[in-house]
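Line by line, the protein sequences give chains A and B. Residues in the first sequence are numbered from 6 upward in steps of one, following the working numbering. Residues in the second sequence are numbered from 6 upward in steps of one, following the working numbering. Glycine included, C-beta positions come from ideal geometry on N, C-alpha and C. On a predicted model such as this, the values are computed, not experimentally measured, just so you know.
There are 2 protein chains.
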Amino acid sequence: MTDQLSLTLAALADPTRRAMLLRLAAGAATVTELGAPFALSQPAISKHIKVLETAGLISRSRAAQFRPCILETAKLAELDSFMAHFRAITEGQLDQLETYLAQIQSTGETK
Amino acid sequence: MTDQLSLTLAALADPTRRAMLLRLAAGAATVTELGAPFALSQPAISKHIKVLETAGLISRSRAAQFRPCILETAKLAELDSFMAHFRAITEGQLDQLETYLAQIQSTGETK
DNA sequence: TCGGTATATTACTAAGTGGCTATATTGCTG
DNA sequence: CAGCAATATAGCCACTTAGTAATATACCGA
């Protein structure tokens, strides 16, 4: 599991880390702020953040004793472009459903 | 990691399994067909497929001694809707870049 | 310089994952 | 029914992961 996309997905495969990212979508936050919502020890929070950083999903600066985190969207965009491979199919099925709905509506049939 | 989205992401966090899904995006396939491209033992292939099935990303029917797999898009759509939370931000950044490009083009400035 | 706050690192444990070989199951087909 | 092809299961191993408590580091303010 050495490729970037796997790294991204593995980092996202945890509700705590996803919640952190959603929090960061609203703007930068410190480690303590990011960890506040969770009943986890401080090292556990640091670890989660390190996973996100290693995956390139966040980056960090330094301000006094704070290490504020900000969201990095590049890897998310990469995942998004992977998802696009399936989006056509999903939408295709949606179209089929819509066609079907339009059809029963026009013919008055219920089955 | 008990929630559905984590399950989906963990299943996707493996290049072999992603390749299988991409293959299935082109249509149904048997276990052997799905495993053919990989230098893995047959049990390893079965295991990967089971992970995908458990995550609800594929489903399987039964035809003689074959167990053909088909792609299930519901969980992918769910992931897609999670990604939407970030898409606005990514596109926002893109817009900023476009605005910037439009600006330097109209003013003739390079910085 | 000392104490406090923010964060990281270390060392440990329990559980999960991905791979293997060997074996079992299931259903055609001869 | 015998044998083969497709697939699943069991048992094992090496490695990773998510959590913990304890400790270390870094920086601010009095």
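Nearest-angstrom Cα separation, counted from residue j out to residue i
i, j, result
"A/L29", "B/I75", "36 Å"
"B/G113", "B/R92", "Interpretation of B/G113 is limited by its pLDDT of 44, a score under 50 that renders its predicted location unreliable; the figure taken from the coordinates is listed afterwards. Distance between the alpha carbons of B/G113 and B/R92 is about 31 Å."
"A/L19", "B/T37", "The question names Leu, but residue 19 of chain A in the sequence shown is Asp. Taking the straight line from one Cα to the other gives about 31 Å."
"A/F71", "A/P42", "18 Å"
"A/K116", "A/T59", "Unreliable placement is indicated for A/K116, whose pLDDT of 36 sits below 50; the coordinate value is still reported in the next sentence. Distance between the alpha carbons of A/K116 and A/T59 is about 53 Å."
"A/A89", "B/S86", "12 Å"
"A/A119", "A/T21", "A query on residue 119 of chain A cannot be resolved here, the shown segment of chain A reaching from 6 to 116 and no further."
"A/V56", "B/A15", "14 Å"
"A/E77", "B/R67", "44 Å"
"B/I94", "B/L62", "27 Å"
"B/A34", "B/R65", "10 Å"
"A/G32", "A/P73", "10 Å"
"B/R23", "B/L17", "6 Å"
"B/L12", "A/Q47", "25 Å"
"B/T8", "A/A69", "According to the sequence as given, residue 8 of chain B is Asp; it is not Thr. Computed Cα separation, rounded: 37 Å."
"B/K52", "A/K52", "29 Å"
"B/L27", "B/I50", "15 Å"
"B/I54", "B/L81", "16 Å"
Cutoff 6 Å; reference residue i; Cβ partners in own chain excluding five residues on either side
i, result
"B/M25", "L39"
"A/I109", "Its pLDDT being 48, under 50, A/I109 is placed unreliably by the model, and the measurement read from it follows with that caveat. Closer than 6 Å at Cβ, skipping near neighbours: no residue."
Contact set for residue i: own chain, Cβ-Cβ below 7 Å, skip 5 residues either direction
i, result
"B/L10", "E83, L84, F87"
"B/E96", "none"
Neighbouring residues, chain A, relative to residue i (Cβ below 8 Å)
i, result
"B/P20", "M6, D8, L10, S11"
"B/T95", "T78, L81, A82, D85"
"B/L45", "The premise fails here: B/L45 is roughly 14 Å from chain A at the closest Cβ pair, so nothing lies under 8 Å."
Neighbour list for residue i in chain B, Cβ cutoff strictly below 8 Å
i, result
"A/V15", "Val is not the amino acid found at residue 15 of chain A; the sequence shown has Ala there. Neighbours of A/A15 on chain B, chain order: L14, A15, A18."
"A/M88", "L81, L84, D85, M88"
"A/L27", "H90"
Partners in chain A for residue i, counting only beta-carbon separations shorter than 7 Å
i, result
"B/F91", "A30, T78, L81"
Own chain partners of residue i with C-beta closer than 8 Å, once the 5 adjacent residues on each side are dropped
i, result
"B/A79", "G61"
Q. Along the chain, which unbroken stretches of the beta strand (DSSP E) at least 3 residues long are found entirely within the region 13-74 of chain A?
A. Taken in chain order, the complete beta strand (DSSP E) segments of 3 or more residues contained in the region 13-74 of chain A are 63-65.
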